[in-house]
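Remarks on the structure that follows.
There are 2 protein chains.
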Amino acid sequence: MSDFDLNSFLPYQLSVLAARVSLGFSDLYKQKFGISIPEWRVVAHLSQAGSVSVREIHQRVDMDKSKVSRAATRLETAGYISKKINGNDRRLVELELTQKGRDMIAELTPMAQAYEASVLKTLADQAPDFRIALNTLLKRQDNE
Amino acid sequence: MSDFDLNSFLPYQLSVLAARVSLGFSDLYKQKFGISIPEWRVVAHLSQAGSVSVREIHQRVDMDKSKVSRAATRLETAGYISKKINGNDRRLVELELTQKGRDMIAELTPMAQAYEASVLKTLADQAPDFRIALNTLLKRQDNE
DNA sequence: AGCGTATCGTTGCATATGCAACGAAGTCAA
DNA sequence: TTGACTTCGTTGCATATGCAACGATACGCT
């Protein structure tokens, strides 16, 4: 057969690891708060950004704008965020965490940190270098 | 606001990087051979495994068995693989690359290596450590 | 052999996704 | 002001996905 080995192919390895790590964490919040991965991304971004448009999230969070829009609709229905029209530019929709949303983030933040730590624990002292490399790759991808 | 920063959250970073890297490579083979990412995974696995069942791929390639099944159907239609019933256990479907499939892999292998190298080039001498860490994380995930 | 159970691959179904197109709103220049 | 052009968020549509259920086959136990 060929000498190509899928299991050691970088894009494949990254995909598998990313899927497992993301799903592992989403199991926690899906069960507890009933939100999906795209919804988690939106509320997580809102927690650091305050009141923000769909477009802003779309650009910063690596999600199609329709995906952001639908996630926002579901989050509003669930009571985690509010949507209102921007006064200066009425094309914009301002998304903002509700109190319920902020409570959720307050609970999720330590869970996220613990989960991240549990994953990185495997790497022991190599974890910092790994994270640096990860950031390097992400930055490089931005400029293409 | 909260002190949670999505952009430095490991699951998020891995997802973004994995999506970009996989899509970057799939742009190449999608254009050239008209196959999708799941289809690429199947042929790539077949290139090292020879004749193999849907179940085997499902287990080894981190894909739902329906996803494998549908990818296989499309690949057969496109002429890249053949499907036949296993003689010993007639529940099993043996998948195998056709000559056209082997030709495709022969073209794709150097493209894959070049693409991987182009991504890792950014890391320079840190690339080997990064790959070691990646393998460590993948191995760790297997045992859970 | 015969019956209950397990496994294989496919398919139906509900939902998620990406992309394009749309209406609404804003901008700019004549 | 008007009209061409751009931008924003939503929606329609075709396709992809995960999951459960199914028919077919194999296995194990009596």
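From first to last, the protein sequence lines are chains A and B. Under our numbering, the first residue of the first sequence is numbered 1, with each subsequent residue one higher. Under our numbering, the first residue of the second sequence is numbered 1001, with each subsequent residue one higher. Beta carbons are placed, not taken as given, at the ideal position from N, Cα and C, and that holds for glycine. None of the values given here were measured: they were computed from a predicted structure.
The Cβ atoms of Ala124(A) and Leu95(A) lie no closer than 8 Å to each other. Here DSSP, grouped into helix, strand and coil, assigns Leu92(A) to coil. Contacts between Asp1005(B) and chain A, judged by CB atoms closer than 8 Å, involve Gln48 in chain order. Interface residue (Cβ-Cβ distance to chain A less than 8 Å): Gln1013(B) is classified as such. With respect to the 8 Å criterion, Val68(A) and Ile57(A) are classified as neighbours on the basis of their beta carbons. When only Cα atoms are considered, Ser1036(B) and Gly24(A) end up about 26 Å apart. Put simply, the backbone Cα of Arg20(A) is about 12 Å away from that of Tyr115(A).
Between the C-alpha atoms of Phe1033(B) and Arg131(A) there is a straight-line separation of about 35 Å. Setting aside the 5 residues that flank it on each side, Arg102(A) is surrounded in the same chain by Ser47, each with a C-beta closer than 8 Å to its C-beta; the list follows chain order. Put simply, the CB of Val1068(B) is far from chain A, with every gap to its CB atoms at 8 Å or more. The beta carbons of Leu28(A) and Met104(A) sit no closer together than 8 Å. Neighbourhood of Phe33(A) in chain B, by CB distance below 7 Å: empty, with the nearest CB roughly 15 Å away.
Residues are counted here when their Cβ sits less than 7 Å from a Cβ of chain A; for the stretch 1067–1086 of chain B the count is zero.
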